[in-house]
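Single-structure report; data block below.
Take a look at the structure:
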């Protein structure tokens, strides 16, 4: 069973399938930008993903300013409030986590 079928009769659940890289939603009066995170370029620098993420968000905000960004891809939970959060992996620690040398979270 798919999630769409499971929640088909739940009026509180609405599916937004975007056509581009970003999906933007207003939540409690704040604009939130959702994206996978694979568009963020990081080459292993000592500052982690924070500097490349901040630069990318600054560029994206020139086109559409939002209050908060939420993304995954990096398999690391990193809250960088008040501007963004990198979500960890839903599947938990795996062989991929070992390969990319991610911390157990």
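Residue numbers (the UniProt record's numbering): 1 to 105.
Backbone N, C-alpha and C fix where the C-beta goes; we use that ideal spot for every residue, glycine too.
Where residue 71 falls: helix, strand or coil (DSSP): strand
Just curious, the beta strand (DSSP E) that residue 32 is in, first and last residue? 30-35
In terms of alpha-carbon separation, which member of 73, 50, 24 lies closest to residue 37? 73
Could you compute how far the alpha carbon of residue 48 sits from the alpha carbon of residue 6? 38 Å
Count the other CB atoms, across all protein chains shown, that sit within 10 Å of the CB of residue 86; report buried if there are 16 or more and exposed otherwise. buried
Report yes or no: do the stretch 24-38 and the stretch 63-73 share at least 3 C-beta pairs separated by less than 8 Å? yes
Taking residue 60 as part of the alpha helix (DSSP H), name the residues at either end of that continuous run. 50-63
If I'm right that residue 40 touches residue 53 with Cβ under 8 Å, what's the distance once you round it to whole angstroms? 6 Å
Return helix, strand or coil for residue 97, following the three-state DSSP convention. helix
DSSP on residue 3, reduced to helix/strand/coil? helix
Residue 100 versus residue 42: straight-line alpha-carbon distance, rounded: 13 Å
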